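Number of protein chains: 2
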Amino acid sequence: MSNGTDKNSFKILFGKNLKRIRESKNLSFRQLATRCNIDYSDISKIEKGKRNIQLSSLLELSKGLGIHPKELLDFDFELDEKG
Amino acid sequence: MSNGTDKNSFKILFGKNLKRIRESKNLSFRQLATRCNIDYSDISKIEKGKRNIQLSSLLELSKGLGIHPKELLDFDFELDEKG
DNA sequence: TTATTAGTGGGAAAATATACCCACATATAT
DNA sequence: ATATATGTGGGTATATTTTCCCACTAATAA
Numbered sequence: 001m002s003n004g005t006d007k008n009s010f011k012i013l014f015g016k017n018l019k020r021i022r023e024s025k026n027l028s029f030r031q032l033a034t035r036c037n038i039d040y041s042d043i044s045k046i047e048k049g050k051r052n053i054q055l056s057s058l059l060e061l062s063k064g065l066g067i068h069p070k071e072l073l074d075f076d077f078e079l080d081e082k083g
Numbered sequence: 001m002s003n004g005t006d007k008n009s010f011k012i013l014f015g016k017n018l019k020r021i022r023e024s025k026n027l028s029f030r031q032l033a034t035r036c037n038i039d040y041s042d043i044s045k046i047e048k049g050k051r052n053i054q055l056s057s058l059l060e061l062s063k064g065l066g067i068h069p070k071e072l073l074d075f076d077f078e079l080d081e082k083g
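Quick look at the structure:
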């Protein structure tokens, strides 16, 4: 059974993807924070997969990064547990 | 200035896209609800753009629909206010 | 040493989603 | 009329995010 594991791994993958995009734009947490309405320390937590953000926060991040929101979800992810 | 307007229009577009996908699979609210851990009445509200769901709920919906989460964000959306 | 920048994480009040149930209107069919 | 299925929306307690500030460490530079 993959209980809360799926949910957690998804958050972690999301965070890693966010980190990848942020670094590709050479932005620090504090720099990105000035471009969206999210505190720099909270962005750090999001990238660590510690937070289950809402659509509005996803939108803020995408605005700060200048990308379409769907890019933040653009990573491999298996829906079921699978070999 | 496009204050909370962006946030709202994004939720509404998200809801419309969810509705489009759900109907393409010929699922009623109650049928989709049995496939994910979200109440049927709440799915209705999400499609109406009334709710600002979390990543975990986005994941539940995508599991219920059998699609990758990013498909739920796959719709046109302008980041800035723009003519 | 001193200053600056970066990442990390704790904490708390306020705002909000979640999870759940219920009731109602409509449509279809028996 | 009765039964079934669909969409809609109200309401509530609980859980959680959000928002914000602060402090610490490490690295770099003057």
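Those protein sequences? They're chains A and B, same order as listed.
Heads up: the first sequence begins at 1 in full-length UniProt numbering, then just goes up one per residue.
Heads up: the second sequence begins at 1 in full-length UniProt numbering, then just goes up one per residue.
We put the CB at the ideal spot given by N, CA and C, even for glycine.
Predicted model, so just to flag it, every value in this text is computed and none were measured.
Inset, instruction - Taking ASN17 of chain B as the query, report the chain A residues whose CB atoms sit under 8 Å from its CB, ordered along the chain. - result: Those do not exist, as ASN17 of chain B stays about 10 Å from chain A at its closest Cβ, beyond 8 Å.
Inset, instruction - Keeping to the same chain, check which residues put their C-beta closer than 7 Å to that of SER57 of chain A; ignore five residues upstream and five downstream. - result: ILE38
Inset, instruction - Report yes or no: is there a C-beta of chain B within less than 7 Å of the C-beta of ILE53 of chain A? - result: Yes, its Cβ sits closer than 7 Å to a Cβ of chain B.
Legend entry - Candidates B:ARG51, B:LEU55, B:LEU73 and B:LEU65, of which the one nearest GLN31 of chain B by Cα: B:LEU65
Inset, instruction - Mark SER2 of chain A as exposed unless 16 or more other C-beta atoms lie within 10 angstroms of its C-beta, in which case mark it buried. - result: Because SER2 of chain A carries a pLDDT of 39, less than 50, the predicted location of this residue cannot be relied on, and the following value inherits that uncertainty. Exposed is the call here.
Legend entry - Contact list for ASP74 of chain A against chain B, beta-carbon separation under 8 Å: LYS70
Inset, instruction - Evaluate contact between the stretch 46-54 of chain B and the stretch 34-49 of chain A, counting only Cβ atoms and requiring at least three cross-stretch pairs below 8 Å. - result: no
Legend entry - Within-7 Å CB hit, SER41 of chain A to chain B: Using a CB distance cut-off of 7 Å, SER41 of chain A does not count as an interface residue toward chain B.
Inset, instruction - For the alpha helix (DSSP H) containing PHE77 of chain B, list its first residue and its last residue. - result: Taken as a continuous stretch (DSSP letters only), PHE77 of chain B belongs to no alpha helix (DSSP H), as it is neither H nor E.
Inset, instruction - Kindly indicate which residue of B:LYS63, B:GLU23 and B:LEU79 has the alpha-carbon position closest to the one of ARG35 of chain B. - result: Of the candidates B:LYS63, B:GLU23 and B:LEU79, the one whose C-alpha sits nearest the C-alpha of ARG35 of chain B is B:LYS63.
Legend entry - Host alpha helix (DSSP H) of LEU55 of chain B (start-end): Per DSSP, LEU55 of chain B belongs to the alpha helix (DSSP H) from 55-65.
Inset, instruction - Reducing DSSP to helix, strand and coil, say where SER28 of chain A ends up. - result: coil
Inset, instruction - Assign ARG22 of chain A to one of two classes, buried (16 or more other C-beta atoms within 10 Å of its C-beta) or exposed (fewer than that). - result: buried
Inset, instruction - Would you please state the rounded distance, in angstroms, between the beta carbons of LEU61 of chain B and LEU72 of chain B? I believe it to be under 8 Å. - result: 6 Å
Inset, instruction - Please classify ASP39 of chain B: does DSSP put it in a helix, a strand, or coil? - result: Coil.
Inset, instruction - Check each candidate in A:PHE77, A:ILE67, A:PHE14 and A:GLY49 and name the one with the smallest Cα separation from LYS25 of chain A. - result: A:ILE67
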